[in-house]
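Here is the structure we will look at, set down as structure tokens.
Residue numbers (this note's numbering): 5 to 237.
Here is the structure:
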């Protein structure tokens, strides 16, 4: 094996650094992007876009191993994503997002700035998140919106109230709205179409507008009879 071949093999094992703007294979990959081994980018995608007012290479972008970035995804510079990240078509991930391993970002979902996403998190189609902390093993159903401004349009919204926090193993049903600063407790279930205006305790079901606690998740039955309860812990 030549020294050039050995270098290519090492880059494939450790990840590839794109030093300059690349438009190969129908994708545009900006400089400073590090792609882990085995990560596929299906065209057309744009990865490593510099935020407004910043130059190419001011921020690096890291996507771990074994990822799948589907067509029409846009990922800005300054994103840190772990291994086996997946996106649906048309997903958008802005700068200053940190994602753990095994995270999926669904079709047309938008991750605005400042999210901290744990491991094994599923963010489904059409969701919107900004300044949100999501712990491990969380399920976020389609079209869930995390509001980011208590009194819009406030120019200081980023420092006022903060984003929501979703604790580990929580589940949020489709078309729910989560207001700024709310904490959803570990293992809690938010029913579809709910508007969450205040903190939700761990291990409960909260439903409605505004969302109210109705029962413990331990009271939910598996109607198919496969499991002893719907959310056995």
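We put the CB at the ideal spot given by N, CA and C, even for glycine.
Treat the numbers as computed from the prediction; the structure is a model and nothing was measured.
> Going by beta carbon distance, what residues of the same chain come within less than 6 Å of residue 44, once the five residues before and after it are set aside?
Replying inline: In the chain shown, the residue the question calls residue 44 occupies position 40. Answer for residue 44: 72, listed in chain order.
> Per DSSP, what kind of secondary structure is residue 172 in: helix, strand or coil?
Replying inline: Looking up residue 172 in the chain shown gives position 168. It is coil, neither helix nor strand.
> So is residue 77 buried or exposed if we call it buried at 16+ other beta carbons inside 10 Å?
Replying inline: Taking the chain shown and counting its residues from 1, one reaches residue 77 at position 73. It is buried - the Cβ of residue 77 has at least 16 other Cβ atoms within 10 Å.
> In the DSSP assignment, what residue or residues form a beta bridge with residue 241?
Replying inline: Lying before the first or after the last residue shown, residue 241 is absent from the chain, which here runs from 5 to 237.
>> Beta-carbon within less than 6 Å of residue 177's beta-carbon, same chain only, minus the 5 sequence neighbours each way: which residues are those?
In response: Taking the chain shown and counting its residues from 1, one reaches residue 177 at position 173. Excluding residues within five positions, the ones whose Cβ falls inside 6 Å are 145, 194, 195 and 196.
> For residue 80, which residues does DSSP report across the bridge?
Replying inline: To locate residue 80, count along the chain shown from 1; it is residue 76. Residue 80 pairs with 53.
>> Checking 8 Å against the spacing of the C-beta atoms, do residue 55 and residue 80 come in under that value?
In response: Position 51 of the chain shown, counted from the start, is the residue given in the question as residue 55. Position 76 of the chain shown, counted from the start, is the residue given in the question as residue 80. Taking 8 Å as the cut-off, the beta carbon of residue 55 is found closer than this to the beta carbon of residue 80.
>> Considering only the alpha carbon of each residue, which of 32, 174 and 209 lies closest to residue 140?
In response: Looking up residue 140 in the chain shown gives position 136. Of the listed residues, the one whose Cα sits closest to residue 140 is 174.
> What residues are listed by DSSP as bridge partners for residue 127?
Replying inline: In the chain shown, residue 127 corresponds to position 123, counting from 1. For residue 127, the pairing in a beta bridge is given by DSSP as 109 and 144.
>> Please state the DSSP three-state secondary structure of residue 96.
In response: In the chain shown, counting from the first residue as 1, residue 96 sits at position 92. Taken through DSSP and simplified to helix, strand or coil, residue 96 comes out as strand.
> In the DSSP assignment, what residue or residues form a beta bridge with residue 230?
Replying inline: Working through the chain shown from its first residue, we reach residue 230 at position 226. Paired residue(s): none; residue 230 is not in a bridge.
> Candidates 158, 82, 226 and 168: which alpha carbon is nearest residue 135's?
Replying inline: The residue given as residue 135 occupies position 131 in the chain shown. Out of 158, 82, 226 and 168, 168 has the C-alpha closest to the C-alpha of residue 135.
>> Going by DSSP, what residue range makes up the beta strand (DSSP E) through residue 183?
In response: Numbered from its first residue, the chain shown carries residue 183 at position 179. Premise fails: residue 183 is in no beta strand (DSSP E) and is neither H nor E.
> Which residues bound the beta strand (DSSP E) around residue 39?
Replying inline: Stepping through the chain shown from its first residue, residue 39 is reached at position 35. Residue 39 -> beta strand (DSSP E) spans 37-39.
> What residues in its chain sit with their C-beta under 6 Å from that of residue 37, if we drop five residues either side in the sequence?
Replying inline: For the purposes of this step, residue 37 is taken as residue 33 along the chain shown, with counting starting at 1. Once the five neighbours on either side are set aside, the close Cβ partners of residue 37 are 22, 51, 52 and 65.
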